[in-house]
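K.L.:
This is the structure, below, for whatever I ask next.
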């Protein structure tokens, strides 16, 4: 056993080293966000603040207040609608094998790999025709639909774990498609809903390109776009930039820390 | 009481109608936003449409011809290939390594796994800000740390140096995705039957041999999954680089996604931008379609 010991030491040393690498930029962000502009210049980017201040965080919040609210609206609307439809489609793909289901499902999965670049121009066109271009409404509509493929995929994979005998037994008793969905599938859907909606929340919250292309004016920007603007206009004020980054990062970090196992379920199956 | 039947609404039909009413709206909107848009984008690439002007004339493949004569297209493609060639194997190897470390019956495995996954929780806008700070030449984290530990000679201009900017970006992206890669491989390792690993151990296989002979060959599906996901990401990548430095300095980190965005929304050359987008789509399909074909062919009745 004494031979194994150095191995274990090396193992933990490596694990800690990688943890250090993973955390270093975050650490540097947090300590810098808590420093005054003067202290940023006088101290190193990794030393904790000697005179911690909430000034930059407050200033960044003032700037990002409205965009944070906008993103919250997007997350709410997009997550609810796309996980609801995702659940129904997942059920149909998993338990009601209608003709064409196989092809339909593959086409849904393929959507996950279609690069957004091919959708940008048509989307801008459609949204201007609908009079929504520049508006938050354009993004609300978009996220309601864009989450559906991923949600359908997640629900289908998780519903596949429910034995067909459950639904078949109900079918024999004469229950219709939607009675089975309501009475049998939905009560077993708590975890699928948690997995799908957490994924949607983080994806919509973090998304950038659609807000960049479709919205204008502070009242409509999602928080990522506002943050990118902040980064552009306060180039040398690192404490302000890191504070802004922190406001956007905290919600998803909290989700990953507290509910990471559901996120992992969603991502490791893909 | 025969009336409802006469109208043709027997329960079976009613249910079918209901199913169609519930399932079709989401299916059709997805179809519209993904497939119709892809087709529409291709159509636009065959026109001379510029910006929001109403005039649109079909010009055939002229945009693609100009694309192939555009040095900027080749620069972007070359940069994009470099991104793929370094990023994809890099994130796969590091992810696999992390997964193997985590699989060694580690105390606090959950804590390490969560820490490795944290960068993946962040928006590219956030990570671009974090890495701009890391790489900042004068006061940035990396240069300051190098100075402090006596490696000052390694100081560099990082993202303002056109020769290494792309590698700096790749390093940051690997940082962001390594944890994701690790959970793909960890799930793969955990799905290998324990009995096989036990059997090899009984036969006296050393750890290294065990991984090379038993574990790695069975991780094929994980390798394929990771490869597809990261390839597709590298082809459509945009956010991180755009926020970090707009594809600069000069054109040194200009990739296809950046070029598409700039042509379209910077110079209002919509049709030309659409042809860039089509190239990105085609490259992605070349990678994804064979994969989906293989995975789902056997599912068909």
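Protein chains in written order, with our numbering: chain A, 1 to 270; chain B, 1001 to 1301. The beta carbon of each residue, even a glycine, is placed where N, CA and C say it ideally should be. Note that the structure is predicted; figures quoted are calculated from it, not measured.
According to DSSP, is residue 47 of chain A part of a helix, a strand, or is it coil?
P.N.:
Of the three classes helix, strand and coil, the one that applies to residue 47 of chain A here is coil, per DSSP.
K.L.:
Please work out which residues of its chain come closer than 7 Å, Cβ to Cβ, to residue 1192 of chain B, disregarding the five sequence neighbours upstream and downstream, and give them in chain order.
P.N.:
Result list for residue 1192 of chain B: 1215, 1218, in chain order.
K.L.:
Beta-carbon of residue 1127 of chain B versus every beta-carbon of chain A: anything under 9 Å?
P.N.:
Interface residue, yes.
K.L.:
Judging by CA-CA distance, which residue of B/1290, B/1133, B/1201, B/1033 is the nearest neighbour of residue 138 of chain A?
P.N.:
Measuring from the Cα of residue 138 of chain A, the nearest candidate turns out to be B/1033.
K.L.:
Have a look at residue 64 of chain A and residue 114 of chain A and give me their C-alpha separation to the nearest angstrom.
P.N.:
Approximately 31 Å between the Cα atoms of the pair.
K.L.:
DSSP has residue 1047 of chain B in a bridge; who is on the other side?
P.N.:
In DSSP, residue 1047 of chain B forms a bridge with B/1058.
K.L.:
What's the C-alpha gap between residue 1182 of chain B and residue 1077 of chain B?
P.N.:
So the two alpha carbons sit approximately 28 Å from each other.
K.L.:
For the segment 113–126 of chain A, which residues have a beta carbon sitting closer than 9 Å to at least one beta carbon of chain B?
P.N.:
Listed by position, the residues of the segment 113–126 of chain A near chain B (Cβ gap below 9 Å) are 113, 114, 115, 116, 117, 118, 119, 120, 121, 122, 123, 124, 125, 126.
K.L.:
Taking residue 1076 of chain B as part of the alpha helix (DSSP H), name the residues at either end of that continuous run.
P.N.:
Counting along the chain, the alpha helix (DSSP H) containing residue 1076 of chain B begins and ends at 1071–1102.
K.L.:
Check whether the Cβ atoms of residue 232 of chain A and residue 224 of chain A sit closer than 9 Å, and answer yes or no.
P.N.:
No; because the gap between Cβ atoms is not below 9 Å, this pair is not in contact.
K.L.:
So which residues on chain B does residue 38 of chain A lean against when the C-beta distance must stay under 9 Å?
P.N.:
Going along chain B, no residue has its Cβ under 9 Å from residue 38 of chain A, so there is no contact; the nearest lies around 13 Å.
K.L.:
Shorter than 9 Å from the beta carbon of residue 1192 of chain B to some beta carbon of chain A?
P.N.:
Output row for residue 1192 of chain B: interface = no.
K.L.:
For residue 1260 of chain B and residue 1061 of chain B, I'd like the C-alpha separation in whole angstroms.
P.N.:
Cα-Cα distance, rounded: 17 Å.
K.L.:
In chain A, what lies closer than 7 Å to residue 1015 of chain B by C-beta?
P.N.:
The contacting residues are 176, 177.
K.L.:
Residues of chain B with a CB under 8 Å from the CB of residue 59 of chain A: which are they?
P.N.:
Those within 8 Å of residue 59 of chain A in chain B number zero; the least Cβ separation is about 15 Å.
K.L.:
Tell me residue 215 of chain A's beta-bridge partners as DSSP assigns them.
P.N.:
Residue 215 of chain A is bridged to A/134.
K.L.:
Answer yes or no: does any C-beta atom of chain B fall closer than 9 Å to that of residue 264 of chain A?
P.N.:
Closer than 9 Å: yes.
K.L.:
Exposed or buried, which one is residue 1014 of chain B when buried takes at least 16 other CB atoms within 10 Å?
P.N.:
When all chains shown are included, residue 1014 of chain B counts as exposed.
K.L.:
Would you list, in chain order, the members of the segment 1040–1061 of chain B that have their beta-carbon closer than 7 Å to a beta-carbon of chain A?
P.N.:
So the close ones are 1040, 1041, 1044.
K.L.:
Examine the Cβ distances between the segment 144–161 of chain A and the segment 76–96 of chain A and report whether three or more of them are shorter than 8 Å.
P.N.:
They touch, by the three-pair rule.
K.L.:
Would the segment 1107–1119 of chain B count as touching the segment 257–264 of chain A if we require 3 or more Cβ pairs under 8 Å?
P.N.:
Yes, they touch.
K.L.:
Restricting to Cα atoms, I'd like to know which of A/124, A/90, A/66 is closest to residue 247 of chain A.
P.N.:
Among A/124, A/90, A/66, the Cα nearest to that of residue 247 of chain A belongs to A/66.
K.L.:
Thinking C-alpha only, which one of B/1277, B/1134, B/1106 is nearest residue 27 of chain A?
P.N.:
Residue 27 of chain A has its Cα closest to that of B/1134, out of B/1277, B/1134, B/1106.
K.L.:
So with CB distances below 7 Å, who are the chain A contacts of residue 1239 of chain B?
P.N.:
Chain A residues near residue 1239 of chain B: 208, 209.
K.L.:
Helix, strand or coil for residue 1290 of chain B? Go by DSSP, reduced to three states.
P.N.:
It is helical.
K.L.:
Does the Cβ-Cβ distance between residue 159 of chain A and residue 185 of chain A come in under 9 Å?
P.N.:
Yes.
K.L.:
Which stretch, first to last residue, makes up the alpha helix (DSSP H) that contains residue 1013 of chain B?
P.N.:
Where residue 1013 of chain B is concerned, the enclosing alpha helix (DSSP H) stretches over 1011–1030.
K.L.:
Determine the closest residue to residue 1275 of chain B out of A/163, A/142, A/220, A/118, with distance taken between C-alpha atoms.
P.N.:
Per the Cα distances, A/118.
K.L.:
Quick one: residues in its chain with C-beta nearer than 8 Å to the C-beta of residue 1301 of chain B, no 5 flanking neighbours on either side, listed in chain order?
P.N.:
In this prediction, residue 1301 of chain B has a pLDDT of 45, which is less than 50 and means its spatial position is unreliable; nothing more can be read from the coordinates.
K.L.:
Just the chain A side, please: which residues come within less than 9 Å of residue 1219 of chain B by C-beta, in chain order?
P.N.:
Going along chain A, no residue has its Cβ under 9 Å from residue 1219 of chain B, so there is no contact; the nearest lies around 13 Å.
K.L.:
In the segment 52–128 of chain A, which residue ranges form an unbroken alpha helix (DSSP H) of at least 4 residues, counting only runs that do not cross its ends?
P.N.:
For the segment 52–128 of chain A, whole alpha helix (DSSP H) runs of length 4 or above, ordered along the chain, are 55–95, 101–111.
K.L.:
Using a Cβ-Cβ cut-off of less than 8 Å, list which residues of the segment 1147–1171 of chain B approach chain A; keep chain order.
P.N.:
Going along the segment 1147–1171 of chain B in chain order, one finds 1148 with a Cβ nearer than 8 Å to chain A.
K.L.:
Could you check what DSSP says for residue 1266 of chain B in three-state terms: helix, strand or coil?
P.N.:
Helix at residue 1266 of chain B.
K.L.:
From residue 1022 of chain B to residue 142 of chain A, what distance separates their C-alpha atoms?
P.N.:
Straight-line Cα distance between these residues: approximately 19 Å.
K.L.:
Between residue 146 of chain A and chain B, is there a C-beta pair that is closer than 9 Å?
P.N.:
It does; some Cβ of chain B falls within 9 Å.
K.L.:
Rounded to whole angstroms, what's the CA-CA distance from residue 39 of chain A to residue 49 of chain A? Just pull it up for me.
P.N.:
If you take the alpha carbons of residue 39 of chain A and residue 49 of chain A, they lie about 8 Å apart.
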